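First to last, the protein sequences are chains A and B. If you count by UniProt numbering, then the first sequence holds residues 1 to 727, one letter each, in order. If you count by UniProt numbering, then the second sequence holds residues 1 to 727, one letter each, in order. Just so it is clear, CB atoms sit at the ideal spot from N, CA and C, and this is done for glycine as well. Bear in mind that the values here come from a model prediction, so they are computed numbers and not experimental data.
Number of protein chains: 2
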Amino acid sequence: MILVSWQRASILALFCSSVYAIGQSTCVTFQPSSSSFSVVSNGAAAPIYLSSDEWPGVQLAASNLASDIQNVTGHKPQLANVTSTSADLKKSGTPIFVGTLGKSSLIDTIVNNTKLDVSAIEGQWEAFMTKVVSNPIPGVDKAYVIVGADKRGTIFALYDHSEQFGVSPWYWWADVPVTTHPNLFVTPSGCSHGAPTVKYRGLFLNDEQPALTNWAMEKFTNGTGAPLTGSPFNHVFYTKLFELLLRMKANYLWPAQWASAFNVDDPQNQFLADFYGIVMGTSHEEPMMRSIPVEWGLFGTGPWDYTTNNKTIYQFWVDGAERAKPYESLFTMAMRGDGDLPLSATDAISSLEQIVSDQRQILMNVFNETNVTNIPQMWCLYQEVKGYYDEGLRVPDDITLLWTDDNWGNMRRYPLPSERNRTGGAGVYYHYDLVGDPRDYKWIQTAQVSKVFEQLSLAVDRQATRIWILNVGDLKPYEMGIEWFLTYGYDSPRWTLDNITSFTPLWATREFDLDAADAQEVASIMNNATRFLARRKPEFLNSTTFSLTDYREADNVLAGWKALNDSAARINTKLSSSKQPAFFQLVFHPVQAGYTLTDMWVSAGINNMRASQARVSANDYADRVEEMFDRDWELENEYHTILDGKWDHMMDQTHVMYYYWQQPMQNTMPPVSRVQAKKNALPGVMRIVPEGTLGAGQATTSTSARSGTTAARRRSRSTRTRPAGSR
Amino acid sequence: MILVSWQRASILALFCSSVYAIGQSTCVTFQPSSSSFSVVSNGAAAPIYLSSDEWPGVQLAASNLASDIQNVTGHKPQLANVTSTSADLKKSGTPIFVGTLGKSSLIDTIVNNTKLDVSAIEGQWEAFMTKVVSNPIPGVDKAYVIVGADKRGTIFALYDHSEQFGVSPWYWWADVPVTTHPNLFVTPSGCSHGAPTVKYRGLFLNDEQPALTNWAMEKFTNGTGAPLTGSPFNHVFYTKLFELLLRMKANYLWPAQWASAFNVDDPQNQFLADFYGIVMGTSHEEPMMRSIPVEWGLFGTGPWDYTTNNKTIYQFWVDGAERAKPYESLFTMAMRGDGDLPLSATDAISSLEQIVSDQRQILMNVFNETNVTNIPQMWCLYQEVKGYYDEGLRVPDDITLLWTDDNWGNMRRYPLPSERNRTGGAGVYYHYDLVGDPRDYKWIQTAQVSKVFEQLSLAVDRQATRIWILNVGDLKPYEMGIEWFLTYGYDSPRWTLDNITSFTPLWATREFDLDAADAQEVASIMNNATRFLARRKPEFLNSTTFSLTDYREADNVLAGWKALNDSAARINTKLSSSKQPAFFQLVFHPVQAGYTLTDMWVSAGINNMRASQARVSANDYADRVEEMFDRDWELENEYHTILDGKWDHMMDQTHVMYYYWQQPMQNTMPPVSRVQAKKNALPGVMRIVPEGTLGAGQATTSTSARSGTTAARRRSRSTRTRPAGSR
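Written out as structure tokens, the structure is:
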């Protein structure tokens, strides 16, 4: 095999670093050098100190870092709030100081004492730096200082170290085992990161029924959900999600909406989001931080129509703004019709302009803010809204415009040069998951890293980097794709056409602690599995998707899947049992599920075709369809029963046999026929079907000969053949 | 139950006669009266005498009569050719004299001796009379004289007696057991019948593959068929058919044609037809007593196109006429295109007129006949030919015009008064069986006695009675319908609106020796079975034929079949084992077969519907479809294995799952789906489906809500419902 340059680069990267982290420059080592700072060595963990005036979210992240260090090394660092004069500091040896510039009096003291140069991050959104500094505090000779430019800068610095130490962001959400090390060191020059490429990077939990809803209902509630909404998405659920987001350096969330209302489901939800450090938004169709349809259904009166019910709706929005005021929010502006449908107003454009004007007045009133541009606002050019925009609707300059894909991962367009100098900038709303026609897709991961890179690198190029929001459906099982979206948005320059293919091997290495060859193999499995699943979404597969007669298409498709399956099975066998649950969720399940479903549909096609050819072997394929249909359920059941049922319901999504665009209420098997095997077919016991043809079929000759039928030819004999046994 | 007059008449008829014959006046009794003539009594059978100058076909029929008498009574009559001075006659007691007027010197002598009044039949086509006469011959005190006006008159008289004695015409072809009696008598006034209503009454074996062909191949050949054609239809086969026809008083036959050539398959075929007494014809598309396509394919050269190849075709027809000359024939005139298609000539009408003119010249030349009207000729107004006629094509006056049905038993039209004074008269070509679009029907009997009566009583009324020819496919299993067609054509005045319903009970009584109530029950079974099968031809059944939701249509259809099935099973249990094979062939098989097929299709519909409703009970119906599909084969297999395989292959006809108009090459099961029963459907464990509706289906609500989809509404949520577990 001849490796092209980016392959060499990526393999080299795997060999040169034993730190399993994706996308960042590393400052962690597991072997000491003369200058390295010991986080853990010889059974001793450096204490971690913050100050009590630090952001609570940073305190929480530091606590998680301490636990992570314990999980990696077996030694738990001391974690404490201190002041620069705390008595403890003298006895602590070489501590780790953590804090946010301008917030932590401890860090401000250290910066002041040491003249630490923080100019690279100061005032930079979510930037951080770390460094070993001498004499940071009187009585402390040396310390490792972790400094964030703001709250999330510090938090990201902490989780960046966790990942480099050996804790995947997915340690809980995909059961990725911690990679253990007896000792942990950091290099004296430390790590750093400037402002992320994309300012708001987040996820949209959407169309979360049945999988995420049923799972959360079982795991986080007593089975009934919230009193008013029935939603299971309480703060126990959301805080796990907030942590995941922050570990991936995301900062933004559109909560589940269709049968939930974030603020109503659990009054702690919004408070805790802000506490953790997550900027809350609402989906593109839910303005002013209030949920539609659930919250409006509970508390609104009259129609969701600003033309006829503006007083009620205005007050509804005032209440939303008041409620959100204490917390970090990004306001969705404007309005769609009820049920995510277009507005019914005849003059939608002028109606929308009035609505936005009123909403901005509300914000100014509530926030007592004369300059509304100080309040982050967003407007999504989704579906018909983009049509209004194209027709001349103009949006206040400070509102970020979200450009969207076509629901299928193809961006409709990006801002033109003339549209780029808006103060609100531009963003992207992108789908990994859809409920809508022509068909839902919400079962397993069909987004390809390469495709997403191709689409979003254009967003970077066209400066649509203010907001990136990703529709992730049930969240799982899109783990790898989600991580790629957020990773790329966090640091886009890191990824280029030359190194983009290193993402998947780096991901495989981090998640499964693999050697380079196996990581490359897993990367190949994932890249091909998503390619196969993207080629035709599983929900769109049917018995005629792949040609059964030409170019051996169906054979080749199945052979491709079988190769992935064999490969994944081989890796799985090599993995320790502690890694197999993660491998199943992230790799082996989607491969087996895609293979099984494809085999079922191809077998159904062969069954149907061979029945039409009067071939008895059709019956073997009827059996195979039934077998694959059962196998499909077995895979789902395996997903639900591993780890004592931790992910029960997470694969509830129906996905076999669509009747229309919406998900079927139950999986139903593709129809199969059977050929009567107990008697000979009329032409005799054997017929020749040349490869690449449909053969003679049940018709004695081609049925197309009948297409010219006219009344006068009603009894045409043109397709008659001689009976068997005759000449 | 209030019986209307015809019902009373028919039940009365059953009670008043112990002679099991259909349609004729009876002269047979099983108890002697003072004047009755003993055919068999006290262990002695009256001898049967003919003269050696009698028609060989009469001799054969008389021999069959003697065998029939032996089968009924156990006593075989002496059968001999005698002269009026034969020595034997003196010792014979009271003999039966059989002969044809003007042919049998014996009968002519008796008529001359006794001044027997034969004026009622003399010169009447196929008429006969019988009478006890005194001193017919010197030395013979008394005799029973059976006199035919012509060859078939005598033959029909003989078989008429056979039927009345207790031998069904179907004794071999449907294994109807002989009804035995120790004694047989005839009334002194005897039986008689004038000329039949319809002059030529016959059958067309057509589309005889697979069933009849495969059966005949096994039973009458060494497995290979005739050398040139591969056809199994040799004289061993045909003589059995000739006898059946004559026993039903038919006289005309269009032989199997598609892979056969009557004269080529077996050189004895045409000779023996004439010997037996059958008038041979050829199908409407085979002129001049030569077969198309087979014989032309073997011996013709060039295209079957009179415009371009008239010399060859002319000679082909000369040869046909020469070959037919010694035998009684009815010539099919004119021409169709190859493969039973319309002529390709642009001026078809003038082309046809030339063709017919040439054909008639051939007949005059070959028969050395100056008056071509002495040679029976026929032209069938089938399909496009009727179009030519409507457009002005005129046919020589002496050629009989055959009017046709629409292939589905509905006569297109009958001759108008202005068309009735032709010397050639008019006739009928009628279908019980079809190969053609929109779909073949050739499996089991779908012709209803009542419908055929309704259509053909019009033929009588409109004087289309010169020829009646019936397309019977494989012959079996249309036994009852065939008998009805021929019976009605033989003596139409016998059957009226008031007594037509007595046919089926009379038939049931004769075939199964039933009491009146059971005969009525079997009649009801047959009338309803053919009604159900005619309502929708079995070949046209599909999973949506009967409504599964409205008016309980499918339920009622199945309940109707079940009632017939239960009834037939009850009768079957009562029958002696010797009668069960006939009952199976004639009644029980079609009932079970129709029931099974209907159940299979309805179950397939329920399966498909319930799968679309996400109902687990769909799976029970998938199982039932498979069960019924197997049951269908079991019924076929039972047909093939009764009586040591006598009817092997006779139910070979495929009939499940048509792909286009032509028969499928193999039966294939209707496609069935299965609902995943191992997980709950998304809406929960139970859904209500109100009777008369399709319920909510796999769609969360009605799919019709999506029909107004536009681009702007591509992501409509209008059919969304709340997830399970939520309010």
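* Just how far apart, CA to CA, sit residue 729 of chain A and Lys-325 of chain A? -> Nothing about residue 729 of chain A can be reported from this structure: the residues present for chain A run from 1 to 727 only.
* Is residue 740 of chain A close to chain B, meaning its C-beta is less than 8 Å from at least one C-beta of that chain? -> No answer is possible for residue 740 of chain A: the residues shown for chain A start at 1 and end at 727.
* Count the other CB atoms, across all protein chains shown, that sit within 10 Å of the CB of Glu-391 of chain B; report buried if there are 16 or more and exposed otherwise. => On the second sequence, residue 391 of chain B is found 391 positions in, with the first residue counted as 1. The residue is exposed, with fewer than 16 neighbouring Cβ atoms inside 10 Å.
* **Neighbour flag for Lys-442 of chain B against chain A, beta carbons, 8 Å** => For the purposes of this step, residue 442 of chain B is taken as the residue at position 442 of the second sequence. Taking Cβ atoms only, chain A never reaches closer than 8 Å to Lys-442 of chain B, which makes this a no.
* Asked: So, does the CB of Pro-538 of chain A fall closer than 8 Å to a CB anywhere in chain B?
  -> Translated into positions along the first sequence, residue 538 of chain A becomes position 538. It does not; no Cβ of chain B falls within 8 Å.
* Give the C-beta separation of Leu-205 of chain A and Val-472 of chain A to the nearest angstrom, bearing in mind that I take them to be a contact with Cβ-Cβ under 8 Å. => Looking up residue 205 of chain A in the first sequence gives position 205. Looking up residue 472 of chain A in the first sequence gives position 472. Confirmed, about 7 Å.
* Could you name the residues of chain B that Trp-633 of chain A contacts, counting a contact when the two beta carbons are closer than 7 Å? => Within the first sequence, numbered from 1, the residue matching residue 633 of chain A stands at position 633. Here the neighbours are Gln-676, Lys-678 and Lys-679.
* To do: Pick helix, strand or coil for Ser-702 of chain A, following the three-state DSSP scheme.
  => Mapped onto the first sequence, residue 702 of chain A falls at position 702. Confidence at Ser-702 of chain A is low in this model, with a pLDDT of 34, below 50, so the placement of that residue is unreliable and no value is reported for it.
* Asked: Does any CB atom of chain B fall closer than 8 Å to the CB of Thr-703 of chain A?
  -> Counting from one through the first sequence, the residue named residue 703 of chain A turns up at place 703. The predicted model places Thr-703 of chain A with a pLDDT of 32, which falls under 50 and marks its position as unreliable, so this point remains unresolved.
* Asked: What residue from B:Asn-608, B:Glu-627, B:Asp-550 and B:Asp-498 has the CA that sits closest to Asn-542 of chain B's CA?
  -> Sequence index remark: in the second sequence, residue 542 of chain B carries index 542 (1-based). Taking only the C-alpha atoms, the option nearest Asn-542 of chain B is B:Asn-608.
* Selection from B:Gly-427, B:Trp-443 and B:Gly-425 that minimises the alpha carbon distance to Asp-433 of chain B -> Mapped onto the second sequence, residue 433 of chain B falls at position 433. That would be B:Trp-443, whose Cα lies nearest to the Cα of Asp-433 of chain B.
* Which term fits Met-686 of chain B, buried or exposed, when burial requires 16 or more other beta carbons within 10 angstroms of its beta carbon? -> Translated into positions along the second sequence, residue 686 of chain B becomes position 686. Exposed is the call here.
* Simplified DSSP state of Asn-365 of chain A, which is helix, strand or coil -> Stepping through the first sequence from its first residue, residue 365 of chain A is reached at position 365. Helix.
* To do: For the beta strand (DSSP E) holding Phe-204 of chain A, just list the boundary residues, first then last.
  => The residue labelled residue 204 of chain A in the question sits at position 204 within the first sequence. That run of the beta strand (DSSP E) goes 200-205.
* Smallest Cα separation from Glu-286 of chain B: which of B:Ala-334, B:Tyr-252 and B:Asp-266? -> Here residue 286 of chain B refers to the residue found at position 286 when the second sequence is read from its first residue. Ranking the options by Cα distance to Glu-286 of chain B, first place goes to B:Ala-334.
* **C-beta neighbour in chain B for Ser-18 of chain A, strict 8 Å** => As a first step, residue 18 of chain A is located in the first sequence; it is residue number 18 there, counting from the start. No, Ser-18 of chain A lies away from the interface with chain B (no Cβ there is under 8 Å from its Cβ).
* chain A partners of Thr-654 of chain B, CB-CB under 7 Å? -> For the purposes of this step, residue 654 of chain B is identified with residue 654 of the second sequence, where counting begins at 1. Chain A residues near Thr-654 of chain B: Leu-682.
* To do: Helix, strand or coil for Thr-668 of chain A, going by three-state DSSP, please let me know.
  => Counting from 1 along the first sequence, the entry for residue 668 of chain A is found at position 668. Thr-668 of chain A falls in the strand class under three-state DSSP.
* To do: Please go through the segment 213-262 of chain B and give each complete beta strand (DSSP E) segment of 3 or more residues, from N-terminal end onward.
  => 252-254
* Asked: Would a check of beta-carbon distances place Gln-257 of chain A closer than 8 Å to chain B?
  -> What you label residue 257 of chain A is simply residue 257 of the first sequence in a count that begins at 1. Gln-257 of chain A does not count as touching chain B.
* When you compare only the Cα positions, how much space is there between Ala-724 of chain A and Leu-682 of chain A? -> As a working note, residue 724 of chain A is residue 724 in the first sequence. As a working note, residue 682 of chain A is residue 682 in the first sequence. Per-residue confidence for Ala-724 of chain A stands at a pLDDT of 20, beneath the threshold of 50, marking its modelled position as unreliable; no derived number is given.
* Asked: For Gln-354 of chain A, which option in A:Thr-373, A:Tyr-327 and A:Pro-396 has the closest C-alpha, if you only look at C-alpha atoms?
  -> Position 354 of the first sequence, counted from the start, is the residue given in the question as residue 354 of chain A. The candidate whose alpha carbon is nearest that of Gln-354 of chain A is A:Pro-396.
* Are the C-beta of Glu-391 of chain A and some C-beta of chain B separated by less than 8 Å? -> Residue mapping note: residue 391 of chain A aligns to position 391 of the first sequence, counting from 1. Closer than 8 Å: no.
* Asked: Along chain A, in chain order, which residues have C-beta atoms closer than 9 Å to that of Glu-626 of chain B?
  -> The residue given as residue 626 of chain B occupies position 626 in the second sequence. Neighbours of Glu-626 of chain B on chain A, chain order: Arg-674.
* Could you tell me how far apart the beta carbons of Ser-189 of chain B and Cys-27 of chain B are, in whole angstroms, since I believe they sit closer than 8 Å? => For the purposes of this step, residue 189 of chain B is identified with residue 189 of the second sequence, where counting begins at 1. For the purposes of this step, residue 27 of chain B is identified with residue 27 of the second sequence, where counting begins at 1. Contact holds; Cβ gap of about 7 Å.
* Excluding the five sequence neighbours on either side, which residues of its own chain have a C-beta within less than 8 Å of the C-beta of Lys-151 of chain B, listed in chain order? -> The residue labelled residue 151 of chain B in the question sits at position 151 within the second sequence. So the list reads Trp-55, Gly-57, Val-58, Thr-100, Lys-103 and Gly-277, once near-sequence residues are dropped.
* Three-state secondary structure assigned by DSSP to Gly-427 of chain B -> Residue 427 of chain B sits at position 427 when you count from the first residue of the second sequence. Residue state, collapsed to three classes: strand.
* Any alpha helix (DSSP H) of 4 or more consecutive residues that is wholly inside the segment 409-490 of chain A -> 449-461 and 479-490
* Note down, one range per segment and in chain order, each alpha helix (DSSP H) of at least 4 residues found wholly within the segment 51-122 of chain A. => 56-73, 88-91 and 105-114
* Asked: Since Trp-304 of chain B is in the beta strand (DSSP E), which residue starts that stretch and which ends it?
  -> In the second sequence, counting from the first residue as 1, residue 304 of chain B sits at position 304. No beta strand (DSSP E) holds Trp-304 of chain B; DSSP gives it neither H nor E.
* **Contiguous alpha helix (DSSP H) assignments of at least 4 residues, all confined to the segment 610-697 of chain B** => 618-645
* Three CB pairs or more closer than 8 Å across the segment 70-78 of chain A and the segment 192-212 of chain A -> no
* **Cα-Cα separation between Asp-491 of chain B and Pro-196 of chain B, rounded to whole angstroms** => The residue labelled residue 491 of chain B in the question sits at position 491 within the second sequence. The residue labelled residue 196 of chain B in the question sits at position 196 within the second sequence. Distance between the alpha carbons of Asp-491 of chain B and Pro-196 of chain B: 6 Å.
* Considering only residues of the same chain and omitting the five flanking positions on each side of Gly-481 of chain A, which have a CB-CB separation below 6 Å? -> Reading the first sequence from its first residue, position 481 is the one you call residue 481 of chain A. Counting only Cβ-Cβ distances below 6 Å, and skipping sequence neighbours, we find Tyr-432, Gln-445 and Ala-447.
* Assuming Ala-250 of chain B and Arg-201 of chain B form a contact by the criterion Cβ under 8 Å, report the distance between their Cβ atoms to the nearest whole angstrom. => The residue you call residue 250 of chain B lines up with position 250 of the second sequence. The residue you call residue 201 of chain B lines up with position 201 of the second sequence. Yes, Ala-250 of chain B and Arg-201 of chain B are in contact; Cβ-Cβ is about 5 Å, under 8 Å.
* Would you give the residue range spanned by the beta strand (DSSP E) that Asp-175 of chain B belongs to? => To locate residue 175 of chain B, count along the second sequence from 1; it is residue 175. No beta strand (DSSP E) holds Asp-175 of chain B; DSSP gives it neither H nor E.
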